[in-house]
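Residue numbers (this note's numbering): 29 to 192. All C-beta atoms in this analysis are idealised placements derived from N, C-alpha and C, irrespective of residue type, glycine included. As the structure is a computational prediction, the values presented were derived from the model and not from experiment.
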Amino acid sequence: MITFKEMFTHTVYQITDDTLTETTVIDFGKYAIPKNMYDMNQFDAIEELNRKGWATIDKYLENEQFIYLMFWVWPNDESNENYSWLINKNTGNSVLQRFTTDNPQYEMMQEAKMLTADNKLVFIVDALMFKECTDSFFNMNDNIKNSISEDSNPLILRLQINNF
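Encoded structure:
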């Protein structure tokens, strides 16, 4: 499934053949971007958004069973507050995780790059950061851990999504 979204909108479209079809609209409540903002001068619009607060979808991935999205909330008490939201389309259940940029796991993984058809989230991870975070977050084979050096290539990390 190929999707499209623009910055400062809460709508995601699916691209099929030559058409854009609206598939998902996220209601961010008080952080929604008002429609009149699009008629304003862009500098006035940004100033207004920063005064009231706003949210935007940064990353959107979808397969047959799940929706994964990363969204930002601004302004906030902490710098660059974002949320990772995983939604099970079959059950309606979801998991919401808040991150800040000083969170070691977020620094290492950031947002997922792909959601596979077999329900895996794929991340591209800096090997040295991965090695540093393993004590509390992942189990790593000692042979792999000992092979990581400053010139190691990034790692591809695939996390299987369990049904929830």
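Asked                                                                                                      : Found
L89 to R186 span [Cα, whole Å]                                                                             : 15 Å
Own chain, CB closer than 7 Å to Q93, minus 5 neighbours either side, in chain order                       : N116, K117, N118 and N147
Q138, buried or exposed, once every other Cβ within 10 Å from all chains shown has been counted against 16 : buried
Beta-bridge partners of A83, as assigned by DSSP                                                           : V101
Exposure label - K33; buried when at least 16 CB within 10 Å                                               : buried
Extent of the continuous alpha helix (DSSP H) run through I172                                             : D170 to S175
Residues near A73 by beta carbon distance below 7 Å, same chain, minus five either side                    : M65
Sequence-distant residues of its chain with Cβ nearer than 6 Å to V40 (five each side left out)            : T31, K33, T51, T52 and Y88
Per-residue DSSP class, three states only, for E50                                                         : strand
Pick from Q70, I54 and G81 that is closest to I95, judged by C-alpha positions                             : I54
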